[in-house]
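Enquirer: Sequential numbering from 3 applies to the sequence shown in our numbering.
Note that the Cβ used here is the ideal one computed from N, Cα and C, for glycine as well.
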Amino acid sequence: MQPAGAATAAALAEARRLLAVGATPLELDAAAERVIVGLGGRSNFKLVPGYRHTLCISVDDDVVHGIPGGRPFRPGDIVSVDGGAEVDGWNGDAAFTVVVPDPARPEVVAAREALAAVTEHALWTGVATLARARHLNEVGAAIEDAVRAEGDYGILTDYVGHGVGRQMHEEPPVFNYRVDRRSPVVKPGLVVAIEPMIVAGSIDTFVRDDDWTVTTSDGADAAHVEHTVAVHHDGIWVLTAEDGGAAALARYGITPVPIP
Ligand code: MG
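1) Hey, would you say A133 sits closer than 7 Å to I261, going by beta carbons?
2) Quick check: the stretch 220-230 against the stretch 180-187, are at least 3 beta-carbon pairs closer than 8 Å?
3) Rounded to a whole number of angstroms, what is the C-alpha to C-alpha distance between T10 and A232?
4) Using only alpha-carbon positions, find the residue among D62, R210 and E244 that is nearest to A113.
5) Is it true that the CB of A13 sits closer than 7 Å to the CB of I38?
6) Do E122 and V227 come within 7 Å of each other at the CB atom, strictly closer than that value?
7) According to DSSP, is A224 helix, strand or coil?
8) Beta carbon of E197: closer than 6 Å to some heavy atom of the ligand MG?
9) If L28 and G72 are in contact, beta carbons under 8 Å, what's the gap, nearest whole angstrom?
10) Is G94 helix, strand or coil by DSSP?
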């Protein structure tokens with residue numbers, strides 16, 4: 003699964019590099035696809051029935067599954083970019099959230115950057131917990147506690163993380179909150195996408211008329227970050243991070259281990 007993770011990481015890095023005022027979601031989408039194809043893969047989002055793009059790009063109150071369009075990014079936008087690659091029949095899936103700079107609205111930018119930071123913290127708390135967990139649902143409990151400690155944020159419950167393998171979306175579900183039910187044992191060979199979706203208001207959402215875009219009902223801002231993480235005999239490795247997650251996980255006391 004490492005080539006698929008690497009292609010996913012490279013595609014999202016290119017999207018992040020291009021994301022700026024005046025650029026369009028469609029431009030990022032095309033660039034991400036070029037990167038994936040150039041690395042011998044194909045977009046696994048395009049394999050989802052009815053979806054025609056390589057990325058999902060969700061702005062402001064859109065949480066996930068936003069369809070890339072031609073409206074340029076504006077100063078102050080909070081933008082979540084989600085994408086994945088399939089290489090040699092294996093999949094990767096990852097997402098990041100950034101705030102477009104806006105010197106004219108420092109309060110808006112600060113609030114949105116705080117939301118993005120909480121969501122990043124939630125993700126890495128989940129990854130670090132996976133490294134130590136006996137049962138998968140410990141991940142969601144840790145994410146919930148981490149988000150609650152940061153303030154008055156909502157954790158979406160309509161959508162959750164998932165296993166990754168031959169298909170982009172596989173069992174088991176990976177919750178971003180505490181659930182009281184039997185949970186898979188964390189053991190070598192488990193590969194999951196951990197993907198907290200955090201909002202600055204109510205967790206109630208609806209799907210826009212385009213049949214894809216998930217939006218907060220109260221118009222509150224939303225953020226979404228994701229990585230595909232492998233559990234192996236010697237530890238964990240974040241397949242969709244160029245360094246396996248080493249830099250981000252240092253603060254959580256976890257050192258990812260390359261897959262032998
Ligand atoms: Mg996913």
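Expert: The short version:
1) no
2) no
3) 15 Å
4) D62
5) yes
6) yes
7) strand
8) yes
9) 5 Å
10) coil
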